[in-house]
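Just below is one structure, and these are the notes that go with it.
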Ligand code: SAH
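Residue numbers (our numbering): 34 to 318.
Shown next, in the form of structure tokens:
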């Protein structure tokens with residue numbers, strides 16, 4: 034049985050950017066992604082950790098960033114440069130950009146990688162998995178939000194918890210499922226340290242979704258399967274629910290959007306080529 038756990042706080046979400054891109058580490062011979070030059074912050078080992086700033090309406094994030102800026106100015110500057118890079122790469126949803134300008138991505142990777150956290154790159158998070166590239170996170174969130182207000186969202190593949198934190202900024206309730214216990218536990222600690230509220234973390238195989246809180250206005254899948262699991266489609270809200278998932282395997286993957294227009298009516302749209310880690314079966318304890 035999945036182990037249902039809640040995080041005490043609330044967050045916000047969205048992200049992303051690159052041409053063919055992804056949830057996975059870039060390959061050695063792949064085209065270089067646009068990235069921000071990142072000087073190593075002087076305080077990268079600092080453990081001073083404020084909670085996330087209060088949630089604010091899109092477009093008025095200035096106050097929200099003040100507190101973090103005061104404590105981690107080097108990272109604040111890098112984060113805003115990342116957001117500018119995302120704008121330049123076609124991300125225009127202000128809600129997503131505001132969330133990405135607030136959520137400290139460097140707090141979701143090991144300290145040794147913190148100085149690279151605001152590059153447009155996937156980075157290792159342990160257990161052979163990666164934190165998705167900011168651009169693709171932003172891309173998926175932006176596409177998901179076009180449909181209208183999002184009250185409930187489901188994420189398959191919590192990983193480090195970064196995207197879940199972004200989603201919490203944009204929705205009332207987020208359920209995020211991870212199959213690897215070490216990642217699930219670590220994400221819980223990270224979200225707790227940042228006082229992100231509104232995220233319910235579940236340890237389990239996300240291919241079956243989480244029927245208890247269905248239907249979802251948005252479902253984001255952060256790992257690529259050969260086909261989108263039927264159970265997830267069944268948990269999508271009729272009347273505009275949107276699912277975004279990478280489909281395919283290895284280097285042949287495409288981001289797919291499924292909209293549930295009515296109880297029985299689904300519309301499928303194929304978006305850009307992407308590269309994500311594989312969707313796997315069962316739980317790894
Ligand atoms: N959203 C994450 C991305 C993590 S990478 C972030 O912001 O960092 C994708 C994650 O999906 C990995 O942690 C992997 O363990 C997980 N995963 C793969 N198959 C899964 C499944 N069937 N159920 C739940 N999680 C799965």
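No residue lacks a Cβ here, since even glycine has one placed at the ideal position from N, Cα and C.
Taking its Cβ as the centre, do 16 or more other Cβ atoms sit within 10 Å of residue i, making it buried, or is it exposed?
i: residue 182; result: exposed
i: residue 171; result: buried
i: residue 252; result: buried
i: residue 318; result: exposed
i: residue 220; result: buried
i: residue 72; result: Because the pLDDT at residue 72 is just 30, under 50, the model does not fix this residue reliably, and the value given afterwards should be weighed accordingly. Answer is exposed; the Cβ neighbour count stays below 16.
i: residue 139; result: buried
i: residue 303; result: exposed
i: residue 285; result: exposed
i: residue 106; result: exposed
i: residue 167; result: buried
i: residue 176; result: buried
i: residue 7; result: This structure cannot settle anything about residue 7, because the visible part of the chain is limited to 34 through 318.
i: residue 201; result: buried
i: residue 162; result: buried
i: residue 134; result: buried
i: residue 288; result: buried
i: residue 158; result: buried
i: residue 203; result: buried
i: residue 275; result: buried
i: residue 144; result: exposed
i: residue 117; result: exposed
i: residue 310; result: buried
Can you give the beta carbon distance from residue i to residue j, rounded, assuming they're within the 8 angstroms contact cut?
i: residue 3; j: residue 207; result: Shown here, the chain extends from 34 to 318; a query on residue 3 therefore has no answer.
i: residue 243; j: residue 187; result: 6 angstroms
i: residue 257; j: residue 279; result: 4 angstroms
i: residue 270; j: residue 250; result: 5 angstroms
i: residue 149; j: residue 193; result: The pair is not a contact, with the Cβ atoms about 14 angstroms apart (cut-off 8 angstroms).
i: residue 227; j: residue 211; result: Rounded, the Cβ-Cβ distance is 17 angstroms, inconsistent with contact.
Name the DSSP beta bridge partners of residue i, please?
i: residue 303; result: 289
i: residue 157; result: 163
i: residue 208; result: 187, 233
i: residue 249; result: 269
i: residue 280; result: 258, 287
i: residue 275; result: 251, 292
i: residue 213; result: 317
What are the uninterrupted segments assigned as beta strand (DSSP E) that are 3 or more residues long and contained completely in the segment 96-145, given in chain order?
-> none
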